[in-house]
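Residue numbers for the sequence shown follow my numbering, so the first one is 1 and each next one is one higher. Step one of this worksheet: look at the structure below.
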Amino acid sequence: MSVRPSAAERLSRVVAWALPFGLAAVRCSPFAQWRGDGAALRDIALVPMGLGGGVSTVLSQVAAYAPLGSKSFRTSLVAAVALGIAGKALYSIALRMLRALQPADAPSRFTAPLLAALASLTATMTPLYQEEATVGGGAVVAVALALGAIALAFSAFTDRDTDRPMARIVGAAFLAGAAAAERPWVGAAAGLALVVGLVLLRAIPGVPRVFVPWRVFGKALGASITGALVFALPSVLRGIAPKSVLALGGVWRAAPPPIPALDDTPRFVDAFTDQIGFIPLGLAVFGSILLVAKPSGRLLALVPLSVVGLDIVVRASLGSTPGTVGVRLLAIGGLACASTAGLFAGAGMLVRFRVPFARPSAALLVAFHATLVALITETASARADRVAQRGADGLTDIGLDGLPPSSAVLAGSPHWVWRLTVAQMIEGRRPDVLVIPRSLVARGRVAIELLAREPVTEPLFRTLALTGTSDEASLAALSDKRPLFLELDRGWTERVTSHLSLDGAWLRFRTDPPSKTDRRARADVALAAVGAEFPLAEIALLDTDTRFVLGSALRAQAKVLLRQGDAETAGRALLCAGGSATEHATTEGGSYDILFATAVARLPVVKHLNDRKVDRTSAAPQKPRQR
């Protein structure tokens, strides 16, 4: 029979899950978030979005019946609850690491539970964990399932007095399969951890062996397949639903273009030091070495290290994707537990060496780790406080609510496509506006449904299918029927550009090309509207995605103005963007040629040459027109 945990262990366990859950729940916003739009379509509107999201879809549908604010807040609350479960699993993993480093006959009553809670908080309070736990459909749901599988497997592998250890192995396999249905790469990481643990029980000498019959392997494999198939049903059913609100095709199609990761750190060492710090990284290396050196801790160290290795390999081959983010969270959680194990061993060595000020030094070392958790929490509050991030809602006011009646919007970037679609389908805003997702018209029945709603879009879809871009004739046909607003397309010719003017966050296509005076007047109104919603002094306080979307829109407007020869208004558009004009210049929509061209155009020498060119043109005799 298992030993009843002490009061210190129970209190530490409560702190490990309650504190991250409480902070994440407070930071969840009732307003829309860029990162949650795609997941909201998948989990709430049941739009087919490829394989994945089976568990979060079920939980979001259940949370939709809770009278707790907006739908965005309810889906975010699901991720916050998952963060609390992940914190409890990390506490269990860290406590087993600490128990492996101390004598079996004299377990620590207070220090080990306290440090295990600090280990859990070190991971779950990081900005990356908090960012994923404060938005609906984040990776935390899959991470909670994977960490639960690892913690359950550890209890079966290491506890000699555990009730029914083989049943726990089968349960861990089921959780790994459910994690694979939620996010395949996270499920692969959980499965790798289970396989590595079972191999270590049989292969490495010195590891306390637990006899696992072959029938248990078969049952575990069946349980993992069952978990994956059961929670993969939402992905399959979304794709074959006969009346989907946005028919993007079945599960056999690839996932639609995701929102790009703007602040991602590819290397794991850089990511860990950015989230936690260099000293915990050194303690993690020290703790891993000590655990590997002890037979009782060998399995506990090598299983998380295998997940770290998988994260390095996956990031090197696939880059930053929604699935690899979950693997990164697992790796950070495993090293956070190893870091606390190194701290526990270092403090114990100081006390045993009987050097001067040994006990105060050990107490200061533990206090430093607690201070580090507080510092991580303070850093996460600036990046993951979704309540203060209202940029998506503000841009929706400009880009959708402020449009004329029965307008048409031709959008191509993932940020705008998902935001406008969620605003119409889930939030019920401006159903009269025809949103044409340029990047999705070739998928499923999207083009057919848009044609049924507006037949005049047929030339536009034909041109997009043949050339990949829109032309003057198709845009003019649509603008004759509806006020037409667009994002910049690199395939446009000078004739298309001559029809454009600025309007809010968009470029407006007018059938009759506006004059230079009219275009400048409309640009003044558009820039004034953007400046009123996003003052220049507050742009630096916006979230990363809002700065990127705002900067991309204003850069596109500046490019059009430069091609039309209006360098002065283009410079004002870039000035209105503030710091977002040069941020992420290597990503989509960013280029330094705008800044260079604007700077050159405003030089006195260039202005003088342009004035002389205008004077020569006006003074030249006009040739008679030939009939």
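Just so you know, even glycine gets a beta-carbon here, dropped at the ideal spot from N, CA and C. Predicted model only: the values in this text are computed from it and were never measured.
So residue i packs on residue j, CB below 8 Å; how close in whole Å?
i: G326; j: A149; result: So it is not a contact: roughly 13 Å between Cβ atoms.
i: S72; j: Y91; result: The pair is not a contact, with the Cβ atoms about 29 Å apart (cut-off 8 Å).
i: I291; j: A336; result: The residue you asked about is not Ile; residue 291 is Leu in the sequence shown. Contact flag wrong, Cβ pair sits at about 14 Å.
i: L395; j: T546; result: 7 Å
i: P304; j: L372; result: Between L372 and P304 the Cβ distance is about 20 Å, and since that is not below 8 Å, they are no contact.
i: A193; j: V307; result: 6 Å
i: R445; j: A247; result: 4 Å
i: F686; j: G191; result: For residue 686 there is no data in the structure shown, the boundaries of the chain being 1 and 627.
i: L283; j: L329; result: L283 to L329, Cβ: 20 Å. No contact.
What residues in its chain sit with their C-beta under 7 Å from that of residue i, if we drop five residues either side in the sequence?
i: V135; result: Q33, R35, G36, S76, A79, R386
i: D543; result: Q389, G391
i: S474; result: P459, L460, T463
i: T57; result: R42, D43, P234
i: D480; result: T511
i: A255; result: M49, G50
i: Q275; result: T126, P127, L128, I332
i: V456; result: A477, L478, K481
Residue i to residue j, Cα distance in whole Å?
i: L410; j: I436; result: 5 Å
i: R563; j: E533; result: 27 Å
i: R238; j: V143; result: 23 Å
i: L147; j: K88; result: 9 Å
i: V216; j: V199; result: 14 Å
i: T586; j: R555; result: Because the pLDDT at T586 is just 34, under 50, the model does not fix this residue reliably, and the point stays unresolved.
i: M349; j: F154; result: 26 Å
i: L114; j: I259; result: 39 Å
i: V496; j: K559; result: 13 Å
i: R443; j: G249; result: 6 Å
i: L375; j: W17; result: 19 Å
i: L302; j: F278; result: 21 Å
i: A82; j: E487; result: 37 Å
i: D503; j: A423; result: 20 Å
i: R13; j: A151; result: 14 Å
i: S288; j: L95; result: 14 Å
i: G571; j: R519; result: 15 Å
i: R383; j: A66; result: 27 Å
i: V62; j: A526; result: 42 Å
i: F174; j: I93; result: 19 Å
i: S60; j: V351; result: 50 Å
i: A172; j: A188; result: 13 Å
i: R315; j: A338; result: 22 Å
i: F31; j: L11; result: 34 Å
i: P103; j: A367; result: 24 Å
i: D270; j: A116; result: 24 Å
i: W506; j: T379; result: 34 Å
i: G137; j: R74; result: 11 Å
i: R298; j: A64; result: 44 Å
From this set, the options, which residue's C-alpha is nearest residue i's C-alpha?
i: R522; options: L500, L541, T111, T511; result: L500
i: G531; options: L575, P5, T421; result: L575
i: S296; options: P67, A100, G38, L19; result: A100
i: P483; options: G428, L403, V195, P455; result: L403
i: A86; options: V15, L451, G197; result: V15
i: S552; options: V525, D489, A66, S406; result: D489
i: G38; options: I312, P48, S29, F31; result: P48
i: T469; options: V26, L19, T493; result: T493
i: A345; options: S320, L329, V285, L318; result: V285
i: G491; options: A45, G412, L201, L98; result: G412
i: A112; options: M425, A179, A347, L262; result: A347
i: A178; options: V141, S317, V212; result: V141
i: P257; options: R298, T321, S515, P431; result: T321
i: I240; options: T377, T122, T124, L46; result: L46
i: S381; options: L536, S515, E132; result: E132
i: S108; options: E9, A573, E454; result: E9
Tell me which residues share the same chain as residue i and place their Cβ nearer than 6 Å to its Cβ, disregarding the 5 neighbours each side in the sequence.
i: A181; result: G54, A228, F231, A232
i: A7; result: none
i: E449; result: none
Among residues of its own chain, excluding the 5 on either side of residue i, which ones have a beta-carbon nearer than 8 Å to its beta-carbon?
i: D397; result: E533
i: A370; result: L118
i: F21; result: A80, V81, L83, G84, G87
i: E588; result: Since pLDDT at E588 reaches only 39, below the 50 mark, its modelled position is unreliable, and no value is offered.
Are the C-beta atoms of residue i and some chain C residue less than 8 Å apart?
i: F286; result: Judged by its chain identifiers, the structure shown contains no chain C, having just a single protein chain.
When the Cβ atoms of the region 316 to 332 are set against those of the region 121 to 128, are three or more pairs found closer than 8 Å? Segment contact: the region 316 to 332 against the region 121 to 128, three or more CB-CB distances shorter than 8 Å; contact assigned.
Kindly confirm or deny that the region 401 to 418 and the region 162 to 176 touch, where touching means at least three C-beta pairs closer than 8 Å. The answer is no - the region 162 to 176 does not touch the region 401 to 418, with fewer than three Cβ pairs under 8 Å.
Count Cβ pairs between the region 360 to 369 and the region 221 to 241 that sit closer than 8 Å; are there 3 or more? no
Inter-stretch contact (C-beta, 8 Å, three-pair minimum) for the region 466 to 485 and the region 503 to 513: yes
Are there three or more Cβ pairs, one per stretch, closer than 8 Å when the region 170 to 190 is compared with the region 40 to 59? yes
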